[in-house]
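Under my numbering, residues 132 to 472 are what the sequence shown spells out, in order. For each residue, glycine too, the CB sits at the ideal point set by N, CA and C. The structure under discussion appears below in the form of C-alpha cells.
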Amino acid sequence: MIKNDLFLKALRGETVERPPVWMMRQAGRYLPEFMALKEKYDFFTRCRTPELAAEITVQPIDIIGPDAAILFSDILVIPQAMNIEVEMKPGVGPWLPNPIRSQKDVDQVVVPNIQEELGYVMDAITLTKEMLDNRVPLIGFAGSPWTILCYAVQGQGSKNFDLAKGFCFSQPEAAHQLLQKITDTTIAYLKAKVATGVNAVQVFDSWGGMLSPVDYKEFSWKYIQQIIDALKDETEVIVFGKGCWFALQDMAKSGAAALGVDWTCSAKNARYLTGGNITLQGNFDPSRLLSPIPEIKKMVNQMITDFGKDSYVANLGHGILPNIPVDHAKAFVDTVKEYRG
C-alpha cells in the first residue's frame with residue numbers, strides 16, 4: 132500500500148485534509164544533483180539507463196518532498212521507437228534530422244513492439260518503484276499525438292509550428308495516418324507502463340494551444356480521447372493541454388480523472404468551464420517561483436482557496452524553469468503541505 136496516497140484520493144475526487152502537490156518537470160534542471168548527472172551523461176543516455184532515470188525520478192522526492200513522483204523520461208522516446216530519428220542538440224533542444232513531410236515519410240513510420248523498443252522505460256519504472264518503497268505514487272506520461280506530430284514534422288521546437296500545421300492542412304490524409312500511428316503506439320506504451328506499476332498517467336498536449344478550437348477537435352482532441360478511452364478503466368488519466376482552455380468543456384466529459392490548467396486560465400473559469408465536477412490540476416505560473424518566498428506562500432494559499440481544497444492537485448501551469456532556486460521550489464511544496472483551509 133502507498134503510504135501517502137493523497138494524490139490518488141484527489142484524482143478520485145475524495146475529500147482530503149489538503150490538496151496534494153507535485154510539479155511538472157520536478158525531476159530536472161533546477162536541482163544541483165540533477166545537473167551533476169547531466170554533466171556526466173547526455174540526455175538520452177539518462178533516459179535509456181534505468182538506474183539513472185530512477186535516481187533522477189526520486190531526487191525531488193528526497194529533496195523537496197512532493198506528494199507524487201513523475202518518471203524521468205521524455206515524450207520523444209515515442210517517435211524514436213517509431214523509426215523517427217531524434218537527437219537532443221545542446222542549445223537547440225530536440226532535433227529531428229529527417230522530418231516527416233510526405234505520405235512516403237509517413238509510410239516509413241512503424242507502430243513498434245513496446246517491450247523491444249521501450250523496455251528500458253519499464254525497467255526504469257521497476258527500479259523507481261523499489262527506490263520509492265511505496266512512499267508516494269508514481270506517474271507515467273506521454274506526449275499527445277498532436278504534440279509528437281509537431282516535432283516529427285517541424286523537425287525541432289518552434290514558436291508557431293507552421294510546418295506541422297501546414298502539413299496537416301495540406302495533406303490531411305497523411306497527417307491523420309501519422310496521428311493514428313502515434314496514438315496506437317502511445318496507448319500500447321501507457322498500458323505497458325500501467326502494467327509495470329505506475330499509479331496514474333498524464334498526457335501532455337504541450338502544443339495544443341497552437342490550434343484553433345475547430346482544428347483542435349480534429350487534429351488533437353479526438354486522438355487524446357482514444358487514449359483516455361483505452362486507459363481509463365485501468366488507471367487514472369490526467370490530461371494537460373497548454374493554452375487549451377477553450378477545450379475544457381469537452382475535456383470534462385471525456386472520462387479523464389483530472390485536467391491540467393495553465394496560468395492563463397483562472398481557477399474560477401476552469402471550474403465554470405468544466406462544470407465543477409472534475410479534479411483540476413495547476414496552475415501556478417512557473418516564473419512566479421522567482422518571487423520572494425513570502426509572496427510565493429501568499430500566492431499559493433490564494434491559489435488553493437480559489438480552486439478549493441477538494442478535487443484539486445496543486446501544481447505549476449507548466450514545467451519548472453531551470454533557474455528556480457531550490458528553496459523557492461521547496462517553499463511552493465511546503466506551503467501546500469501546510470495548508471489547512
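Would you give the residue range spanned by the beta strand (DSSP E) that I369 belongs to? E367 to G372
In or out: A212 buried (at least 16 other Cβ within 10 Å) or exposed? buried
Buried or exposed for G407, going by 16 or more other Cβ atoms inside 10 Å? exposed
Which word fits R177, buried or exposed, when buried means at least 16 other C-beta atoms lie within 10 angstroms of its C-beta? buried
Quick one: which unbroken alpha helix (DSSP H) runs of 4-plus residues sit fully inside the segment 236-301? Chain order, please. 245-263, 276-285 and 293-301
Buried or exposed for T327, going by 16 or more other Cβ atoms inside 10 Å? buried
Residue burial classification, N454 (beta-carbon count within 10 angstroms, cutoff 16): exposed
Hey, which unbroken runs of the beta strand (DSSP E) at 3 residues or more fall wholly within the segment 372-409? 389-392
Could you check what DSSP says for L411 in three-state terms: helix, strand or coil? strand
For N229, which residues in the same chain have their Cβ closer than 7 Å to its Cβ, ignoring the five residues on either side in sequence? E216
Bridge partner(s) assigned by DSSP for D336: G372
With three or more C-beta pairs closer than 8 Å as the rule, is the segment 240-254 touching the segment 298-306? no
Check whether the Cβ atoms of I245 and A323 sit closer than 8 Å, and answer yes or no. yes
Can P181 and V467 be called in contact, C-beta distance under 8 Å? no
If we count Cβ pairs, one from each stretch, closer than 8 Å, do we get three or more for the segment 392-410 versus the segment 445-460? yes
Local Cβ density within 10 Å of A413, reported as buried at 16 or more and exposed below that: Looking at the sequence shown, residue 413 is not Ala but Gly. With 16 or more other Cβ atoms within 10 Å, it is buried.
Which residues share a DSSP beta bridge with Y443? L411
What does a CB cutoff of less than 7 Å around Q356 pick up in its chain, not counting 5 residues either side in sequence? S385
Can you list, in chain order, the residues of its chain with a C-beta nearer than 8 Å to that of T259? Leave out the 5 residues immediately preceding and following it. A184, A185, T188, V189, A200, L202 and L269
Tell me the rounded alpha-carbon separation between N214 and L310. 15 Å
Residues bridged to P225 (per DSSP): M219
Simplified DSSP assignment, three categories, for I192: helix
Beta bridge counterpart(s) of A331 as assigned by DSSP: I270 and E367
May I have the straight-line CA-CA distance separating S343 from I318, to the nearest angstrom? 25 Å
Short of 7 Å in beta carbon distance, which residues of its chain neighbour W352, apart from the five on each side in sequence? Order them along the chain. A378 and D381
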